[in-house]
Amino acid sequence: MKDLVRLKTSLTQEVEAILNEQVKIEAYSSSKYLAMASWCGEKGFKNSEDFFMKQAEEERAHMLKIFRFIGDAGGKPYSPEVNNIPHEYGSLRDIFEAALEQEIGVSHAIHRIVNVCRKVNDYTTEHFMQWFIKEQLEEEFIARRQVELFDVIGEGGQGLYLIDQAITKVVYDGAMVATEGGAAE
Ligand code: FEO
Numbered sequence: 022m023k024d025l026v027r028l029k030t031s032l033t034q035e036v037e038a039i040l041n042e043q044v045k046i047e048a049y050s051s052s053k054y055l056a057m058a059s060w061c062g063e064k065g066f067k068n069s070e071d072f073f074m075k076q077a078e079e080e081r082a083h084m085l086k087i088f089r090f091i092g093d094a095g096g097k098p099y100s101p102e103v104n105n106i107p108h109e110y111g112s113l114r115d116i117f118e119a120a121l122e123q124e125i126g127v128s129h130a131i132h133r134i135v136n137v138c139r140k141v142n143d144y145t146t147e148h149f150m151q152w153f154i155k156e157q158l159e160e161e162f163i164a165r166r167q168v169e170l171f172d173v174i175g176e177g178g179q180g181l182y183l184i185d186q187a188i189t190k191v192v193y194d195g196a197m198v199a200t201e202g203g204a205a206e
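Just so we're aligned: the sequence shown equals residues 22 to 206 in my numbering.
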């Protein structure tokens, strides 16, 4: 019976499992960014709040994209359970450093999926994951530049106000993304 079920999908069990893991990771990112938005809003950092609200939506869209792919490929996507979301941070800088760390972790997870795809010759999933590789390039770039603002502007005096103003002005306009069918969303 199990073999018959496997006939319905081109995904190996290993690829299906690691894709479901990624669904969880994206869901976790979405919830984590929502908690960061809450912290920023509470402290009066309106632009940072808006930024993390938007990020939370984007991460949810990533989760749904992978969820849909698993189903379309004949596998079984699992609705993820998310817990242990941190809500307390020491400073605005801590938040943006944690966001950068989160994005670096996601990039590594995406690369692990591609490695598994290569191991089992799953060209379809590898091709699907290319969009995420490009997306991570953009998200890591923005997260790094945002962390740099803390040194460039400085946190003293009106620094935090100015950093919050600058947060949503950081954009990625890398040639690699712009020339390949438009920027990743
Ligand atoms: Fe979907 Fe930014 O990772």
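The C-beta atom is built at its ideal place from N, Cα and C for all residues, glycine as well.
All of these numbers come straight from a predicted model, not from anything done at the bench.
- Residue selection by CB proximity (closer than 6 Å to any heavy atom of ligand 1) returns GLU47, SER50, GLU80, HIS83, GLU124, VAL127 and GLU160 in chain order.
- Here SER112 is exposed. Its C-beta has fewer than 16 other C-beta atoms within 10 Å.
- From the listed residues ALA120, THR145 and ILE106, the smallest Cα separation to THR30 is found for THR145.
- Contact check for GLN43 against ALA130 passes: the beta carbons are separated by less than 8 Å.
- With fewer than 16 other beta carbons inside 10 angstroms of its own, PRO107 counts as exposed.
- Judged by their CB atoms, VAL103 and SER52 are nearer to each other than the 8 Å cut-off.
- The way I'd put it, the region 175-187 does touch the region 63-71; three or more beta-carbon pairs between them come closer than 8 Å.
- In the structure shown, VAL44 falls within a helical segment according to DSSP collapsed to helix, strand and coil.
- In the three-state reduction of the DSSP assignment, LYS140 falls in the helix class.
- Annotation for HIS108: no alpha helix (DSSP H) segment contains it, and DSSP assigns it neither H nor E.
- Residue environment analysis places GLN123 among the buried positions, since at least 16 neighbouring C-beta atoms fall within 10 angstroms of its C-beta.
- The Cβ atoms of VAL192 and LEU121 lie no closer than 8 Å to each other.
- GLU159 has its alpha-carbon roughly 20 Å from the corresponding atom of PHE171.
- The three-state secondary structure of VAL173, taken from DSSP, is helix.
- Here the alpha carbons of GLY178 and MET150 stand approximately 44 Å from one another.
- If the five residues before and after MET57 are omitted, its C-beta is found closer than 7 Å to the C-beta atoms of PHE73, ILE116 and ALA120, all from its own chain and listed in chain order.
- For ALA187, the enclosing alpha helix (DSSP H) stretches over residues 180-188.
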